[in-house]
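Data first, discussion second: the structure below is written as structure tokens.
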Amino acid sequence: SEDVSVPKDIDLMALPQLCFPDGLQVTNEQRDEQFHFLVFTDVFGNKSHGVVMQCYRPILVHSYLFASILVCLSICFFVSLLVQLRTCRLSDMEERVKEFAAKLTLVPVPPPVTYLHLMFTLRPLTIVLPSSEDKDHPAIDLDLHLPFLCFRPQQLLQVMSCLLQEQRVVLFSSDWARLTLVAESLLLFLQPLSWQQPYVPVLARGMLDFLMAPTAFLMGCHLSHFEEVAAETDDLILINIDSGSVSTSCSDTVDLPNIPPAAADCFTQRSQSLQIHFDLDQCHHNSCTDINEQRAHRRAWQQNLNHDIQRITLEMIVNIFRDVSCHLNYEHRVFNSEEFLKTREPAEQLFYKKVLETYIFHSFLKDRLNRKIDNYARMELSTRSEIGIYPILCLNLYTGVQTSGNKQFNISSIFLAFLVLSSSTSSSPHPPLCLCPLALRTPPKPVKVFKLPDFPASLSFHSVQSYYSELIQQLGKAIFSVQNENSTLLARFYYLRGFINTLCSRRLDALSDFQNLYKTDTAIFPTQLLTWLVDSLHRDERQQTLVQPDDHVKNFELPRKHLHQDDFVRCVQECGIVKDVATIHRLFDALTDGQPKQVDPDLFRVFYTFWKETEAEAQDVNLPTEVIDHLDNSECVYKLSSCVKTSHGVGKIAMTQKRLFLLTEGQPGYFEITKFRDIQDVKIASAPFLLVRIPSLRIQTSGRPEVFEANLKTETELWNLVVKEMWAGRKMADQHKDPQYMTQALTNVLLMDAVMGCVQTQRSIIAASKLAYFDKIKHEVPMMVPKTTSETLKHKINPSLDLAEPQTVHVLLYTPGTIWKGEMNPKLWVALSGGKVVVFDAASWSMLQDCIQVGESKLNCMLGLVQEQVWIGSQDSVIYIIDTHSMSCNKQLTEHRHEVTGLTRHDGLHFGHHQQTYSCSSDGMILQWDSASLKVKRQLHLSCDRLSSIQIHDGTLWCCKYTSLPFLFSNLKLLFHRGQLWTGCVDSGELCLWHTHNHRHLSKRIPLPGSSGVTCMIRVKDQIWVGCRGRSGVGGHCDGHLRSQVLVVDPESHTVAKELQAHSDSIQTLCSAEDRYVLSGSARRDGKIAIWKVE
């Protein structure tokens, strides 16, 4: 009963002026109809669009009145309505518009993020309604190439820069329609950034005073007002669409910071390759004789062009803001803007300073902190992983940019810097951030068109219900036709049928459809609609409130009250100094040495200021060219002494992450003192000077007989701590092949320096020594790694690098690269505690995705499928499905009722066809899945206390189950090799072999030295790799020694060929990387992944 002919929350007082922006006119000749477009924006930023038809009607002989009709519809629908309104009488016009609008209300909106289009007939036209490519934005039915026809790329970049800086922008054109079309296109170019300021693309002649508003805005005026507006206003950006010029009200040029050159150059290059002229682009094709075929051909051309333009503009936005994520603290929702600005080139800093203050950027930050997976996130991720831009870029930003002989660095980001150093082989400055042609010109996916039934002749209630019933029947047939072929399309049909069932008040049917949708694709799940449905079924729950997520963004502020340990941890993490909780606890002990266990806010302020000053001083270190030539491209000076006397002359001692060297005074020179890995001894001595002895530091280096001595005076004790810590960190990094040890050592050294600067007491060196972690533990834990381990170990990586504390590595999965599908490198999927999944590039071992959240429970198993999916079984009884391209989880299987414990698959004769996937849960339920339709094909149930895993061997499904009988194994691990079944369990330090055809009698026992139980097993080539627990101590520890082992068993001799030790906690999982490497993951005390070479 509500009158919805006028959009809600829209003030229509100014509507006549907008319909006649040039005023009412009387003319003595008949003219063709003219059109222009309006955009109404409410206080929440929601837009409604209208189309105005200006027509001429005779009032006297030879006189015609200029009349106007406003219709708030999409542009493509208006043409059909126009044909009807041209010939109807004025008295019938309102009824005709109502009838037309009523028919449109019968058309559902296509589901987002898909290529399912809806087709229907509004005579005389057949209209195809496209779906939106982003669920947060409507479908685009504009010609996005219009701005490229009006402006050169350089002028377009100027306009985009003005909008990103939220300037007061006015568009001018002699064509009213052109104003809105260009304005809408420009705002679409900004996505995912959303314009937050006043937006009026058409200003009538009587509304020009709006341009005096003091806030930022985007408005449009007729070109005839250009001189008047320029003369009467200040600081406006004037954009002449007709001439393609950009100026200000004070000058013919625009004096605003430009978009950074790398992003601008890439945009210009891409723009020049666009084919924006239909006739020129299609002149080599045959002419269409069918008008409908011609329209379809033109529509397909426009969609492809729009797709290319959106990719180009999105690429520009990604290139501008790519490094924002490096300065976000997701846990505390903090953006460190100061550190971000320091990484920008000096010529770009003014642009970024202005942009960072805008509302449009603040909204963008909220989405990034919420880890929103949109087109921006997907492109940023794909360009990072496919062409390796991200590691090279971060290397320059965080470990040093060589400019004018100056090596700069950012202390706050050395963790990320060392990750890059360990994974990137390139040390050259990064190239302009431009995608490769293959990555940019990804063709749109094939479109599926679903035809709606013909509209009923009568719009009575009975006719409308019959129409919906027919539509539901058609959707049911569509669901049946694709349920075994295409799960993505199946989800879209469930979405549509659930929506139509809701309109028909078939709430239970709608809930069933949405339940199937939730199992198939959660990316398009209509949460708000489902909430309304549930409330309609249970009216007593309507008053229940929903907890709103915390989506605010904080800037770091120094504390104003005393900090206890927990508050201190949060504050240090927010300011971006360090994330690791254990390191922050040691810093807390250092700052509270001899004091109550709380940090005074003034002390923290001094510490933070000293940290920042040290960072700034290091950036001001100007190294001569002859010195830079001796250093690696990635090296930076992190600490510099005062000018001191040494055994090799007078100068300053400089420390990089690799070495110590002397910057000699007088004529600048370079003398290498030592590399940290070459140090043999470091000690404090004293050098005689007149009648006193001056403290000095002596460093003995391998391969050099003389001892280097420096009279560091009051700095001696600190440099002694610093050098010993870097030496110990280097030795551990080399022994364990884990670069993070060196990263941590450097962090400890920089924290020591800051503590010494802010704790001005006699105990300052004692306080700083509490941060010398590696120098302390080298006396407690053996530094040497067994020879066999060292020869077999290739590398170690830390999947908890971006987390505050190490996490247990529960499951590892390797998926090979598929270059023929556009995915360049293989991936390593890591399941951590709390439902977190981390993804590594398995070619460079660099992190691609730091956190994909799949529930909150422990993850038990993972399986890669050829449909570009990764299935993950969880303790919460759900199977989560991750798309390997978007690296997002948008599908869930909820048929299990207990903990999912195992996943396996059986491939048919042809790879990719007849693939059968099996899952099992702890209650004994086994389900066989059709991996394409995500439907259960078969299920069976085993009677047992617990079903722990399933495997397929030689066409037979083997199930590992437990019963209550005490003599059977618990937590059994099994694999098959040459007709034998190999088993092991967590409470027995041996392997048991059985014949697969006679598994009632034990064939062989293989003792495992130093092991109290088996946690995992895999077969690689002709070897059996076994993950074991140590015999003594919790987590495999015994007297500080590493006791968790990876054992390599020779299946021929049934003996242990290798004993490998690289983890300080129990090994949880093993996986193979194409039989070239074996990867082992451990529990949280260690929390790392070791990469072993397979011989």
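First residue of the sequence shown: 1, per the UniProt record's numbering; consecutive thereafter.
From the three backbone atoms N, C-alpha and C, an ideal C-beta is built for every residue, glycine too.
Predicted model, so just to flag it, every value in this text is computed and none were measured.
(request) Could you have a look at residue 636 and say whether DSSP puts it in helix, strand or coil? (result) Against the sequence shown, residue 636 aligns to sequence position 636. Three-state result, residue 636: coil.
(message) Please report the distance separating the alpha-carbon of residue 870 from that of residue 106.
(response) The residue given as residue 870 occupies position 870 in the sequence shown. The residue given as residue 106 occupies position 106 in the sequence shown. When rounded, the distance between both Cα atoms is 39 Å.
(request) With a floor of 4 residues, list each alpha helix (DSSP H) that falls wholly inside the region 785-861, ordered by position along the chain. (result) Runs found: 787-792.
(request) Answer yes if the region 1053-1066 comes into contact with the region 1082-1091, meaning at least three C-beta pairs across the two stretches below 8 Å, and no otherwise. (result) Taking one beta carbon from each stretch, the region 1082-1091 and the region 1053-1066 have 3 or more pairs nearer than 8 Å; the two touch.
(message) Could you give the first and the last residue of the continuous alpha helix (DSSP H) run that contains residue 345?
(response) Stepping through the sequence shown from its first residue, residue 345 is reached at position 345. Run containing residue 345: none; DSSP gives neither H nor E here.
(message) Going by DSSP in three states, residue 1091 sits in which element: helix, strand or coil?
(response) Position 1091 of the sequence shown, counted from the first residue, corresponds to residue 1091. Judged by DSSP in its simplified three-state form, residue 1091 adopts strand.
(message) According to DSSP, simplified to helix, strand and coil, what is residue 523?
(response) In the sequence shown, residue 523 corresponds to position 523, counting from 1. Note: residue 523 maps to helix in three-state DSSP.
(message) What residue range does the beta strand (DSSP E) around residue 1067 cover?
(response) Here residue 1067 refers to the residue found at position 1067 of the sequence shown. Counting along the chain, the beta strand (DSSP E) containing residue 1067 begins and ends at 1067-1073.
(request) Return the chain-ordered list of same chain residues with a C-beta closer than 7 Å to the C-beta of residue 379, the five sequence neighbours on each side being excluded. (result) On the sequence shown, residue 379 is found 379 positions in, with the first residue counted as 1. Excluding residues within five positions, the ones whose Cβ falls inside 7 Å are 314, 315 and 318.
(message) Need the endpoints of the beta strand (DSSP E) that residue 215 sits in, please.
(response) The residue labelled residue 215 in the question sits at position 215 within the sequence shown. Counting along the chain, residue 215 falls outside any beta strand (DSSP E), and DSSP gives it neither H nor E.
(message) Can you list, in chain order, the residues of its chain with a C-beta nearer than 8 Å to that of residue 274? Leave out the 5 residues immediately preceding and following it.
(response) Residue 274 sits at position 274 when you count from the first residue of the sequence shown. Excluding positions up to five away in sequence, the list reads 145, 148, 305, 308, 309 and 312.
(message) Distance check for residue 298 and residue 1075, CA to CA, integer angstroms please.
(response) On the sequence shown, position 1075 is the one that residue 1075 refers to. On the sequence shown, position 298 is the one that residue 298 refers to. Near 51 Å, if we compare the C-alpha coordinates of residue 298 and residue 1075.
(request) Would you tell me roughly how many angstroms separate the C-alpha atoms of residue 493 and residue 366, rounded to the nearest one? (result) Position 493 of the sequence shown, counted from the start, is the residue given in the question as residue 493. Position 366 of the sequence shown, counted from the start, is the residue given in the question as residue 366. Cα-Cα distance, rounded: 32 Å.
(request) Figure out for me which residue from 647, 930 and 350 has the closest Cα to the Cα of residue 257. (result) Numbered from its first residue, the sequence shown carries residue 257 at position 257. Checked all of 647, 930 and 350; the closest Cα to residue 257 is 350.
(message) Judging by CA-CA distance, which residue of 141, 211, 209 and 166 is the nearest neighbour of residue 182?
(response) In the sequence shown, the residue the question calls residue 182 occupies position 182. Residue 141 is the option with its Cα nearest to residue 182.
(request) Whole angstroms is fine: what's the gap from residue 979's alpha carbon to residue 862's? (result) For the purposes of this step, residue 979 is identified with residue 979 of the sequence shown, where counting begins at 1. For the purposes of this step, residue 862 is identified with residue 862 of the sequence shown, where counting begins at 1. Whole-angstrom Cα-Cα distance: 26 Å.
(request) Tell me where the alpha helix (DSSP H) around residue 472 begins and ends. (result) Along the sequence shown, read from residue 1 onward, the residue named residue 472 stands at position 472. Start and end: 461-482.
(request) Could you check if residue 574 is buried or exposed, using at least 16 other CB atoms within 10 Å of its CB as the buried criterion? (result) Position 574 of the sequence shown holds residue 574. Here residue 574 is buried. Its C-beta has 16 or more other C-beta atoms within 10 Å.
(request) Would you please verify whether the beta carbon of residue 712 is less than 8 Å from any beta carbon of chain C? (result) Absent here is chain C; the protein component of the structure consists of one chain.
(message) Can you list, in chain order, the residues of its chain with a C-beta nearer than 8 Å to that of residue 560? Leave out the 5 residues immediately preceding and following it.
(response) Translated into positions along the sequence shown, residue 560 becomes position 560. Excluding residues within five positions, the ones whose Cβ falls inside 8 Å are 601.
(request) Please list, in chain order, all residues of the same chain as residue 1093 whose beta carbon is under 6 Å from its beta carbon, the five residues on each side excluded. (result) Along the sequence shown, one-based indexing puts residue 1093 at 1093. Sequence-distant Cβ neighbours of residue 1093 in its own chain, meaning closer than 6 Å and more than five residues away, are 792 and 794.
(message) Going by DSSP in three states, residue 731 sits in which element: helix, strand or coil?
(response) For the purposes of this step, residue 731 is taken as the residue at position 731 of the sequence shown. The answer is helix: DSSP assigns residue 731 an H, G or I state.
(message) When you compare the CB positions of residue 199 and residue 41, do they come within less than 8 Å of one another, or not?
(response) Taking the sequence shown and counting its residues from 1, the one referred to as residue 199 is at position 199. Taking the sequence shown and counting its residues from 1, the one referred to as residue 41 is at position 41. Yes, they are a contact pair.
(message) Please report the distance separating the alpha-carbon of residue 1077 from that of residue 1091.
(response) What you label residue 1077 is simply residue 1077 of the sequence shown in a count that begins at 1. What you label residue 1091 is simply residue 1091 of the sequence shown in a count that begins at 1. Here the alpha carbon of residue 1077 sits roughly 6 Å from the alpha carbon of residue 1091.
(request) Give every residue of the same chain whose Cβ lies closer than 6 Å to the Cβ of residue 610, excluding the five residues on either side of it in the sequence, and list them in chain order. (result) Residue mapping note: residue 610 aligns to position 610 of the sequence shown, counting from 1. Annotation for residue 610: 754, 757 and 758 place their beta carbon closer than 6 Å to its own, counting only its chain and skipping 5 residues before and after.
(request) Taking 8 Å as the cut-off, decide whether the C-beta atoms of residue 699 and residue 708 are in contact. (result) Start at 1 with the first residue of the sequence shown, and residue 699 comes out as number 699. Start at 1 with the first residue of the sequence shown, and residue 708 comes out as number 708. Yes, the Cβ-Cβ distance between residue 699 and residue 708 is below 8 Å.
(request) Along the alpha helix (DSSP H) that carries residue 307, what are the first and last residues, could you check? (result) In the sequence shown, residue 307 corresponds to position 307, counting from 1. Per DSSP, residue 307 belongs to the alpha helix (DSSP H) from 291-321.
(request) Determine the direct distance from the alpha carbon of residue 479 to that of residue 466, and round the result to whole angstroms. (result) Working through the sequence shown from its first residue, we reach residue 466 at position 466. Working through the sequence shown from its first residue, we reach residue 479 at position 479. Take the alpha-carbon of residue 466 and the one of residue 479: they are about 20 Å apart.
(request) Work out the CA separation of residue 885 and residue 710 for me, nearest whole Å. (result) Locating residue 710 in the sequence shown gives position 710, counting from the first residue. Locating residue 885 in the sequence shown gives position 885, counting from the first residue. Each residue's alpha carbon lies about 56 Å from the other.
(message) Mapping the DSSP letters down to three states, classify residue 165 as helix, strand or coil.
(response) Start at 1 with the first residue of the sequence shown, and residue 165 comes out as number 165. Here residue 165 sits in coil by DSSP.
(message) Is the separation between the beta-carbon of residue 37 and that of residue 51 shorter than 8 Å?
(response) For the purposes of this step, residue 37 is identified with residue 37 of the sequence shown, where counting begins at 1. For the purposes of this step, residue 51 is identified with residue 51 of the sequence shown, where counting begins at 1. For the pair residue 37 and residue 51, the CB atoms are nearer than the 8 Å cut-off.
(message) If distances are taken between C-alpha atoms only, which option among 331, 717 and 954 comes closest to residue 684?
(response) Position 684 of the sequence shown, counted from the first residue, corresponds to residue 684. Answer by Cα proximity: 717.
(message) How far does the beta strand (DSSP E) with residue 119 in it extend, from its first residue to its last?
(response) Here residue 119 refers to the residue found at position 119 of the sequence shown. Segment 116-122, the beta strand (DSSP E) holding residue 119.
(message) Along the chain, where does the alpha helix (DSSP H) containing residue 611 start, and where does it finish?
(response) Sequence index remark: in the sequence shown, residue 611 carries index 611 (1-based). Counting along the chain, the alpha helix (DSSP H) containing residue 611 begins and ends at 601-619.
(request) Out of 132, 899 and 371, state which residue places its alpha-carbon closest to the alpha-carbon of residue 888. (result) The sequence position of residue 888 within the sequence shown is 888, counting from 1. For the residues 132, 899 and 371, the minimum Cα distance to residue 888 belongs to 371.
(request) May I have the straight-line CA-CA distance separating residue 557 from residue 569, to the nearest angstrom? (result) Counted from its first residue, the sequence shown places residue 557 at position 557. Counted from its first residue, the sequence shown places residue 569 at position 569. Our two residues, residue 557 and residue 569, have alpha carbons roughly 14 Å apart in a direct line.
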